[in-house]
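Asker:
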Amino acid sequence: MEMLMFHIDKSHKQPIYMQLYEKIRNSIINGQLQEGEKLPSKRLLGDYLSISQTTIENAYAQLMDEGYIYSKQRSGFFVSDIDTLPLTTTQREINITPISYTEASAPRYAFQLGAIDKAHFPFELFRKYAKEAFDTLQHTLIEAGDQQGDFTLRQQISHYLFHSRGVQSTPEQVIIASSTEQLLSIITDLLPEQHTFMLEDPIYPQVPQLLSRKHIPYHFIPVQQDGIQVEQIAQYDDNIVYITPSHQFPTGVTMNLQNRIKLLKWASAHPERYIIEDDYDSEFRYEGKPIPALQSLDKAERVIYVSTFSKSIAPSIRIAYAVLPIQLAKQYQQTINIEGGTVPRHTQYMVSRFMESNQFERHLNRMRKIYRQKRDVLLDYLSQYPDLCQISGAQTGMHFVVTIVNGLSEQECIQRFKAHAIDIQPLSHYRFHADNPTPRFVLGFGGIEDSQLANHAEQLIHALQ
Ligand SMILES: Cc1ncc(COP(=O)(O)O)c(C=O)c1O
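Quick note on the working numbering: the sequence shown kicks off at 201 and runs consecutively.
1. According to DSSP, what are the bridge partners of T603?
2. Looking at L285: is its Cβ nearer than 8 Å to the Cβ of L245?
3. Using the rule of at least 16 other Cβ atoms within 10 Å of the residue's Cβ for burial, across every protein chain shown, is I461 buried or exposed?
4. Verify whether the separation of the beta carbon atoms of P144 and Y418 is less than 8 Å.
5. When you compare the CB positions of V601 and S592, do they come within less than 8 Å of one another, or not?
6. Who are the near neighbours of M201 in its chain, counting only those whose CB is closer than 8 Å to its CB and skipping five residues on each side?
7. Specify the secondary structure class of E222 as computed by DSSP and reduced to three states.
8. Apart from the five residues just before and just after T535, which ones in its own chain have a Cβ nearer than 6 Å to its Cβ?
9. Hey, would you say S271 sits closer than 8 Å to M264, going by beta carbons?
10. Of the residues I387, A319, L411, Y549, which one's Cα is nearest the Cα of T340?
11. Can you tell me which of T454, T336, H633 puts its alpha carbon nearest to the alpha carbon of G488?
12. Any heavy atom of ligand 1 inside 7 Å of the beta-carbon of G366?
13. Taking V430 as part of the alpha helix (DSSP H), name the residues at either end of that continuous run.
14. Can you tell me whether L337 is buried or exposed? The criterion is at least 16 other CB atoms within 10 Å of its CB, across all chains shown.
15. Under the DSSP definition of a beta bridge, which residues are partnered with S507?
16. When you measure from the CB of D478 to every non-hydrogen atom of ligand 1, does any distance come out below 7 Å?
17. Within its chain, find whatever has a CB closer than 6 Å to the CB of T396; leave out the 5 residues flanking it on each side and keep chain order.
18. Thinking C-beta only, is Y309 closer than 8 Å to D623?
19. Entirely within the segment 314-361 and at least 4 residues each: give me those alpha helix (DSSP H) ranges in chain order.
20. Which one or two residues does DSSP pair with K238 in a beta bridge?
21. To the nearest angstrom, how far is the alpha carbon of H599 from that of N606?
22. Is it right to say T370 is buried, meaning 16 or more other beta carbons lie within 10 angstroms of its own, or is it exposed?
23. Is L384 a contact residue of ligand 1, with contact defined as CB to any heavy atom under 7 Å?
24. For F326 and N558, I'd like the C-alpha separation in whole angstroms.
25. Looking at ligand 1, does it come within less than 7 Å of H314, judged from the CB to the closest heavy atom?
26. Given that a residue counts as buried once 16 or more other Cβ atoms are within 10 Å of its Cβ, and exposed if not, what is K499?
27. Specify, as a first and last residue, the run of the alpha helix (DSSP H) that S408 falls within.
28. I want to check one thing, is the minimum distance from the CB of S510 to the heavy atoms of ligand 2 below 7 Å?
29. For L399, does the three-state DSSP call read helix, strand or coil?
30. Shortest alpha-carbon distance to L390 belongs to which of Q368, R545, I440?
31. Find the nearest neighbour of F420 within the set L410, K414, Q432, D426, judged by alpha-carbon distance.
32. With a threshold of 16 other CB atoms inside 10 Å of the CB of I316, please say whether the residue is buried or exposed.
33. What are the boundary residues of the alpha helix (DSSP H) that includes E729?
34. Taking the DSSP output, what are the residues bridged to I622?
35. Tell me whether N537 is buried or exposed, calling it buried when 16 or more other Cβ atoms sit within 10 Å of its Cβ.
36. I'd like to check one pair, T352 with E400: are the Cβ atoms closer than 8 Å?
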């Protein structure tokens, strides 16, 4: 009886039966209560701890449900052999420091890439779609869905891509995953057995990191004024090229039509060559005519088109999509163990409703204006200081490149930005081979509140003066 002399705190917000359950469970896990030992009867323990028998009944019932104790008819409750339980839930001490900024240490002027405008997110609509998903469709959506992604969402994506980017597809060719990185992982499982990559330099670093993890060889090819140097591609034996032709990440340059045609010719010369086109942010083009996706020019089924809702809806929505050439789509459907079914069906439903009701298109039109205004405030301010910095790659997306031309080295700029509480990435962070030492920085503006844009720009200039 002494063994169950637990301290129960009746004023605590945790229910008493849970406190008792946890104390007995911990005593069993720690070995203070041993296998086969009899627990006191509900009446005795209730009297002893001055709590109701119903409370004890609830605690014992929970312990029985989880297998910590068992009951024998007319004898009482006994401690089980916990070695046979699937796991014991003692909390381990974990010494990992979470990487997060506290309010005080967060840089006050953050030009973050990947951040979006929060003030205009259509919360009201998403609340409505979530309600529909959990109320009306609760039984349907609780079932495991198609590993390729829900058909209705794939239908919407296929329709949208044709109208907005000229991408030709059927829903059967569309696959859905949680991230661009995951799509690339799936795609590499479908590519011809012998596949090696050519990558842009600089690049979205997740791509070479993924290939390294999968032990897939790759070469870097430098990016120039009009994208990857297409002439260099023919010099390698590699059969796959990954590019961001509409808005090269991170330089922001656009691949011209001539180079697009050359690249398609290169790919169509061999059935095992493919181009992976990552079209991550082309919804937001501010100047000139929209450039159709490379896939729209592809007559030979050589382009694998990849994009994401991370910019067009939100990075937390975790939906990226690919359009596979027909041959690869067939292969996908025949592959049994593929990394599919990773996006919750409720989220797929919400996004599909957003698209089907034309609200997505309206949202994009609204956001394009908002991001253009944000960009213009920064460009108007920074362009007054041509002796300090120059801008490039600002026609599309939510970032552009600032080249520092006042003679400071990259390291000096980094130190100054740090001292001025500015968070901005040097372009060299995305580069794998050394280049011209003129310091260049990638300035993300999507997440900066409208009221803060001017002081962000001022601070940047202030740091450079
Ligand atoms: C080149 C590129 N591709 C894809 C993404 C988005 O990837 P995800 O769909 O994993 O959010 C980004 C994000 O910044 C990017 O820069």
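Every residue, glycine too, gets a C-beta built ideally from N, C-alpha and C. No experiment lies behind these values; they were computed from the predicted model shown.
Answerer: Checking against the coordinates, here is how it stands:
1. Q590, R640
2. no
3. exposed
4. Given that the chain is displayed from residue 201 to residue 665, the structure contains no residue 144 and the question cannot be resolved.
5. yes
6. Note that M201 scores 49 on pLDDT, short of 50, meaning its location in the model is unreliable; the coordinates nonetheless yield the value given after this. Counting only Cβ-Cβ distances below 8 Å, and skipping sequence neighbours, we find P240, L244, Y248.
7. helix
8. none
9. yes
10. Y549
11. T454
12. no
13. 430-433
14. exposed
15. Y521
16. yes
17. P417, D438
18. yes
19. 323-335, 338-341
20. F278
21. 22 Å
22. exposed
23. no
24. 14 Å
25. First, the amino acid is wrong: residue 314 is Gly here, not His. Yes, Cβ of G314 sits closer than 7 Å to a heavy atom of ligand 1.
26. exposed
27. The residue you asked about is not Ser; residue 408 is Pro in the sequence shown. 406-413 is the span of the alpha helix (DSSP H), which, as asked, contains P408.
28. Of the ligands one can find in the structure shown, namely ligand 1, none is ligand 2.
29. strand
30. I440
31. Q432
32. buried
33. There is simply no residue 729 to check, as the chain begins at 201 and stops at 665 in what is shown.
34. Y309
35. exposed
36. no
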